[in-house]
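Numbering (UniProt numbering), first residue to last: 1 to 118. Here is the structure we will look at, set down as structure tokens.
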């Protein structure tokens, strides 16, 4: 849900530093996050939006909305400190990353691409 999603986004920058940032910094798409890195860890999200499976424009993360995400087994199993995902129900697919993406595109097309300011 949105609460867990927000926890993951906060964890992504928990140990952020300008040089030698640890591996927990997430790479994502369909999500836009504005952080204030001057704030204490756990309180750095200023704004977070995501494209949901039923919308074409990003909207604010909703605590009670069930978001579906694709991630690696490493992250899903709590790697890099993402322990918020460990006990969640999941579908583990017997495909490599490219096959997963193709299957996702077939299932959820049309996809609404969004330009992001990275």
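Positions of the beta carbon are idealized from the N, C-alpha and C atoms, including for glycine. Predicted model only: the values in this text are computed from it and were never measured.
Sequence-distant residues of its chain with Cβ nearer than 7 Å to residue i (five each side left out)
i	result
residue 45	6, 9, 10, 33, 35
residue 12	24, 25, 26
Extent of the continuous alpha helix (DSSP H) to which residue i belongs
i	result
residue 108	97-108
residue 10	2-12
Coarse secondary structure for residue i, derived from DSSP in three states
i	result
residue 76	helix
residue 83	helix
residue 47	strand
residue 91	coil
residue 59	strand
Proximal residues to residue i (C-beta, below 6 Å), its chain only, five neighbours per side dropped
i	result
residue 63	2, 3
Distance between beta carbons of residue j and residue i, contact taken as under 8 Å
i	j	result
residue 70	residue 104	7 Å
residue 80	residue 23	5 Å
N- and C-terminal bounds of the beta strand (DSSP E) containing residue i
i	result
residue 33	31-35
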